Ligand SMILES: Nc1ncnc2c1ncn2[C@@H]1O[C@H](COP(=O)(O)OP(=O)(O)O)[C@@H](O)[C@H]1O
Ligand SMILES: [Mg+2]
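Residue numbers (the numbering used here): -11 to 245.
Structure, rendered in structure tokens:
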């Protein structure tokens, strides 16, 4: 079943054509990575897929509905969430409060101040549950900005999970953390997706070990177009795609039969 699709999407910024006719579909059960060199259009594509901006032409559909430019709040209600780097937006909040922002918005209690939610047991039970899934249960009262970098990343992802989405969109979930932490983050993320029933994950990721280690499918962009779209083995088998998009074979590529 197709959850999310882009159909012949174009996006211009003045004279710049950031996306030039991109078509792709994400089905339930898939982990899809979007890769490509700088300027290929990855962030633009994620912004379109997450309803953040509208395509200049073409359509973005989520569960069959046109969601071009509908905005993150309506899209979250339909079942899609994107990690928003809330740790950067609200550095003074505690870990618990950061997750609570997402829980509160999902439960439709967004008009009340956090202080008024101090005794809202449903909110804090859910915050504790999400924190526990992401290994942050012991850090609920800690200011988010004081977390190690890897835990900040997990907190951002946890906030997106707190929206209880069917599909989750992540823009470089492991950027800025050590290689060991990257794998730990992905293990937690994939495990959490299974536990809370997330049906599909779409990520933009630069680290090719992560991309090739976790994806069911890889979509390679170059200059605003889809250069390749297929399972990791087919991407690895195409030297011209690797050269254009990765710049070099990923570590371990030689071991693939
Ligand atoms: N807001 C914008 N205004 C003008 N040009 C933009 C804007 N956003 C992106 N672009 C251009 O669109 C192209 C794709 O950018 P982007 O989606 O950020 O690529 P990536 O994330 O793959 O590095 C680039 O040429 C970039 O300069
Ligand atoms: Mg980008």
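Every residue gets a Cβ at the ideal spot worked out from N, C-alpha and C, and that includes glycine. These numbers were taken from a predicted model, which means no experiment stands behind them.
Excluding sequence positions up to five away, which residues of its chain have a Cβ less than 8 Å from the Cβ of residue 172?
138
Would you kindly report the start and end of the unbroken beta strand (DSSP E) that includes residue -11?
Here residue -11 belongs to no beta strand (DSSP E), and DSSP marks it neither H nor E.
Excluding the five sequence neighbours on either side, which residues of its own chain have a C-beta within less than 6 Å of the C-beta of residue -5, listed in chain order?
Closer than 6 Å at Cβ, skipping near neighbours: 11, 46 and 47.
So is the beta-carbon of residue 170 under 7 Å away from any non-hydrogen atom of ligand 2?
no
Could you please give the first and the last residue of the uninterrupted alpha helix (DSSP H) stretch that includes residue 234?
Taken as a continuous stretch (DSSP letters only), residue 234 belongs to no alpha helix (DSSP H), as it is neither H nor E.
How many Å lie between residue 156 and residue 16 at the Cα?
11 Å
Would you tell me roughly how many angstroms separate the C-alpha atoms of residue 242 and residue 191, rounded to the nearest one?
Model confidence at residue 242 stands at a pLDDT of 48, short of 50, so the residue's coordinates are unreliable and nothing is read from them.
If contact is defined by three or more beta carbon pairs under 8 Å, each pair taking one atom from either stretch, is the segment 74 to 83 in contact with the segment 118 to 138?
A contact exists between the segment 118 to 138 and the segment 74 to 83.
Name the residue from 118, 56, 229 and 19 whose alpha carbon lies nearest to the alpha carbon of residue 180.
118
What would DSSP say about residue -1, mapped onto helix, strand or coil?
strand
Going straight from the alpha carbon of residue 124 to that of residue 113, what length do you get?
14 Å
Kindly identify the DSSP beta-bridge partner or partners of residue 146.
According to DSSP, residue 146 bridges with nothing at all.
Is DSSP giving residue 210 helix, strand or coil here?
strand
Under 6 Å Cβ to Cβ from residue 247, same chain only, skipping five residues before and after it: list those, please.
With the chain running from -11 to 245 in the structure shown, residue 247 is simply not present.
Give the straight-line distance between the Cα atoms of residue 115 and residue 58, rounded to the nearest whole angstrom.
27 Å
So, helix, strand or coil for residue 191, using DSSP?
Residue 191: strand per DSSP, three-state reduction.
Return the bridge partner residues of residue 204 from the DSSP annotation.
Answer is none; residue 204 lacks a bridge partner.
So, at 8 Å on beta carbons, what are the nonlocal neighbours of residue 5 in its own chain, with the 5 sequence-adjacent residues on each side left out?
Within the same chain, and ignoring the five residues on either side of residue 5 in sequence, the residues whose Cβ sits closer than 8 Å to its Cβ are -2, -1 and 212.
Which term fits residue 193, buried or exposed, when burial requires 16 or more other beta carbons within 10 angstroms of its beta carbon?
buried
Hey, which residues come within less than 6 Å of ligand 2, measuring from Cβ to any heavy atom, in chain order?
30 and 31
So residue 21 packs on residue 165, CB below 8 Å; how close in whole Å?
With 8 Å as the limit, residue 21 and residue 165 do not qualify as a contact, their Cβ atoms being about 17 Å apart.
Since residue 32 and residue 7 should fall inside the 8 Å C-beta cutoff, what is the C-beta to C-beta distance between them, to a whole number of angstroms?
6 Å
Alpha carbon to alpha carbon, what distance is there between residue 141 and residue 161?
Between residue 161 and residue 141, the C-alpha separation is close to 6 Å.
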